[in-house]
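Step one of this worksheet: look at the structure below.
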Amino acid sequence: MLDIRRLHMLKTVVARGSITAAAQSLGLTAGAVSQQLAALRREVGVDVLRPDGRTVALTEAGRVLVEHADRIFDAVREAESAVAAVKDTVGAAVTLAALPSTVARVVAPALTALAARHPRLTVTCLVTDQAQLRELSLGTVDVVLGQRYHHMPDATPRGVVAHRLLDDPLLVVTAADRSDGRPVPLRELAAHRLVLPPPDTDCGQAVLHACRLAGLTPSAPYVTADIAAQLALARAGLATALVPRTAIEPTAPGIRTSPVEDRPIHRELFAATRRADTADPTANAVVAALRTVARQ
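Note that this note's numbering has the sequence shown beginning at 864, numbered continuously upward.
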């Protein structure tokens, strides 16, 4: 019989791109992972991985094995959810992955409310911009507070369900004495020195795409994904920023915000969980707390 732990290691190696990266995420040595994959190869009687430059790739047999492994993992998670539903109790631990821009006004109040309602629940919160939905599909996190931009393709992977939380427009942010707060046509930003997120981030791609649709080639002498840095540059009068509304404290001093008038840029915040026929009470409790804050 195939060892499910070895199947999980195989899937993790493919997702991470190398045995070393997979070992690091699993808290193991690369040698230990290699030994388990060698044992898996003996179990199936054929190579499941092949060298691919500095990384590894699946063989045809490995691809078939991972496809079946996904169904096996789905069945295991379904069984876990079914047992939890029978108990109808929130578990002892849960892991939430969240975007940095959501921490102050969404995550923190949601976790405060969750702690009051379920004091025995321990929440581990991973604040990261990187590949949260992949971590959800790998089983390393239980709930993801993520984002998708309305005019960009939906990249939600198989086996994941996204629960909409709120619509979050990007606002034009300037120094308080540089704007009267009236709506700003996106094309007018051609006259501004901008601070933008890196073009390889979700927000950076969304902003650049919206600018192209408006016939605008933005001038961005400042490039950073750090929203605190973006706001600091705007406050100093050095640049104009485009920042999600939920990432801005309403009472933040020294800045003024304005909506985009003609081509608004919206992101949707969502809480994602693994798809299951039977709901997991623990993940549901986290999603419910996030929804409550979003409604407020």
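All residues carry an ideal CB built from backbone N, CA and C; glycine is no exception.
Boundaries for residue 1129: no alpha helix (DSSP H) harbours it, while the beta strand (DSSP E) harbouring it runs 1129-1137, taken from the DSSP string.
In the structure shown, the three-state DSSP call for residue 1009 is strand. Rounded to whole angstroms, residue 1057 and residue 1037 show a C-alpha spacing of 10 Å. Assigned with DSSP and collapsed to three states, residue 1083 falls in coil, not helix or strand. Secondary structure within the segment 887-932: the alpha helix (DSSP H) runs of 4 or more consecutive residues, fully enclosed, are 893-907 (chain order). Apart from sequence neighbours up to five positions away, the residues of its chain that approach residue 992 with a beta-carbon distance below 7 Å are 962, 963, 1064, 1088, ordered along the chain. Scanning its chain for C-beta atoms nearer than 6 Å, with the 5 sequence neighbours on each side dropped, one finds around residue 1077 the residues 1049, 1050, 1126, in chain order.
Looking at 1059, 1121, 897, the one whose alpha-carbon comes closest to that of residue 1091 is 1059. Nearest to residue 983 by C-alpha distance, out of 953, 1035, 871, is 953. Excluding five sequence positions before and after residue 1031, the CB atoms of its chain that fall closer than 6 Å to its own CB belong to 1107, 1108, 1109, 1130, 1132, given in chain order. Of the other Cβ atoms in all chains shown, 16 or more fall within 10 Å of the Cβ of residue 1005; this residue is therefore buried.
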